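The structure under discussion appears below in the form of structure tokens.
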Amino acid sequence: MDRKTLNECRKRRQGVQRMIDTRDAEAVADTILLIQEVTRWVDQIEDGLTRNVFRMYYLDGLSWAEIAEKIGRTGRPDWPRIRVRDAYLKQPGVLA
1 MDRKTLNECR KRRQGVQRMI DTRDAEAVAD TILLIQEVTR WVDQIEDGLT RNVFRMYYLD
61 GLSWAEIAEK IGRTGRPDWP RIRVRDAYLK QPGVLA
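Numbering (the UniProt record's numbering), first residue to last: 1 to 96.
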């Protein structure tokens, strides 16, 4: 998995309704495959907090502020991005 794929999943996930409205079946199918790939990758993350942060941001489409609130870091919207996501992605062997 790489950052580009993760960000593409988030972007496409947010645009699925537009794809459905325009009846772009191929784009919808490609997006479903991408979401499934990212879901499998997120599901293999061992640490529960890290897994949930990735799921909330990349699959559920929550903002960093919303995630911070959900994990009890209200008032620190950058905390899940910097301390959880960025820290995880910097570990050797995490990204392809």
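Yeah, the Cβ is synthetic: ideal placement off N, Cα and C, and Gly gets one too. Source: prediction; values computed, not measured.
In three-state terms, what does DSSP make of Pro92?
-> Three-state result, Pro92: coil.
Supposed contact pair Thr39 and Val16 - C-beta distance, whole angstroms, cut 8 Å | About 14 Å; that fails the 8 Å criterion.
What residue does the alpha helix (DSSP H) around Ile67 start on, and which one ends it?
-> That run of the alpha helix (DSSP H) goes 64 to 70.
Helix, strand or coil for Pro77, going by three-state DSSP, please let me know.
-> Of the three classes helix, strand and coil, the one that applies to Pro77 here is coil, per DSSP.
Under a three-way DSSP split, which group does Asp2 fall into?
-> Collapsing the DSSP output to three states places Asp2 in coil.
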